[in-house]
Amino acid sequence: MTKYIKILVLFLTLSACGQNATEMKTPENANEKFAEFIAKKKFVEENFYPGIADEKMRPVFTEKINQIASDFKTVAESEKPTDRKYQEKIGIGFSRFANIYLELDTEDRERVCTYIQELMDIVELESSNGLLNKFMYGFDPNDFKKEN
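As numbered in mature numbering (1 follows the signal peptide of the UniProt record, and there is no 0), residues -21 to -1, 1 to 127 make up the sequence shown, in order.
Laid out in structure tokens, this is it:
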């Protein structure tokens, strides 16, 4: 399973290379928001999320999410951040979950995607280019629309 996820991430990264990158402007308060995001406790029970399924996995999942946040921060601080660079970091971040993907139940996968969306909001990234859907469901429903 992890082999297939790694191949999928590699394919997505390579296919993203064929698209034009859009240069982005990092919001002024991005560093502060990254710090708040990294500091907050993750995978805790909230509204429609029951909390992490396996408590011993909380530090592992949290570290992987915080690595993605650090990757986003690095791109945000670079001279020319682009949507493609952020999308590549999302793909790399998802590949870090490959060896524990089967440990993630549906609610935990949804929570991972929610955290990625929070990071996207910090930098005002409008699209993951289908990466969130591919992580969550194994495919991007938008791909079917493109074929028609």
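The beta carbon of each residue, even a glycine, is placed where N, CA and C say it ideally should be.
Measure the alpha-carbon distance for residue i versus residue j and round it to whole angstroms.
| i | j | result |
| --- | --- | --- |
| Asn112 | Glu86 | 14 Å |
| Glu15 | Asp50 | 15 Å |
| Arg90 | Leu83 | 10 Å |
| Ile31 | Asn(-2) | 38 Å |
| Met36 | Leu81 | 12 Å |
| Lys59 | Cys92 | 25 Å |
| Glu2 | Thr61 | 4 Å |
| Glu67 | Leu104 | 12 Å |
| Ile47 | Pro29 | 23 Å |
| Gly109 | Ile71 | 14 Å |
| Asn121 | Glu24 | 31 Å |
| Leu98 | Phe123 | 27 Å |
| Lys4 | Ser107 | 17 Å |
DSSP puts residue i in a beta bridge; with which residues?
| i | result |
| --- | --- |
| Glu25 | Tyr28 |
| Thr61 | Glu2 |
When you compare each of the options to residue i by their alpha carbons, which one comes out closest?
| i | options | result |
| --- | --- | --- |
| Val39 | Phe118, Lys20, Ser107 | Lys20 |
| Ala18 | Val54, Asn45, Val102, Asn26 | Asn45 |
| Ser74 | Thr1, Met115, Ile31 | Met115 |
| Ile95 | Pro120, Lys43, Asp119 | Lys43 |
| Pro6 | Ser107, Asp33, Ser57 | Ser57 |
| Asp33 | Phe123, Ile79, Asp119 | Ile79 |
Is DSSP giving residue i helix, strand or coil here?
| i | result |
| --- | --- |
| Arg88 | helix |
| Leu81 | helix |
| Leu110 | helix |
| Gly72 | helix |
| Ile33 | The amino acid occupying residue 33 in the given sequence is Asp; Ile does not appear at that position. Asp33: coil per DSSP, three-state reduction. |
| Glu7 | coil |
| Phe118 | coil |
| Glu103 | coil |
| Lys20 | coil |
Answer yes or no: do residue i and residue j have a C-beta to C-beta separation smaller than 9 Å?
| i | j | result |
| --- | --- | --- |
| Ala9 | Ala55 | yes |
| Phe22 | Thr41 | yes |
| Ile69 | Phe13 | no |
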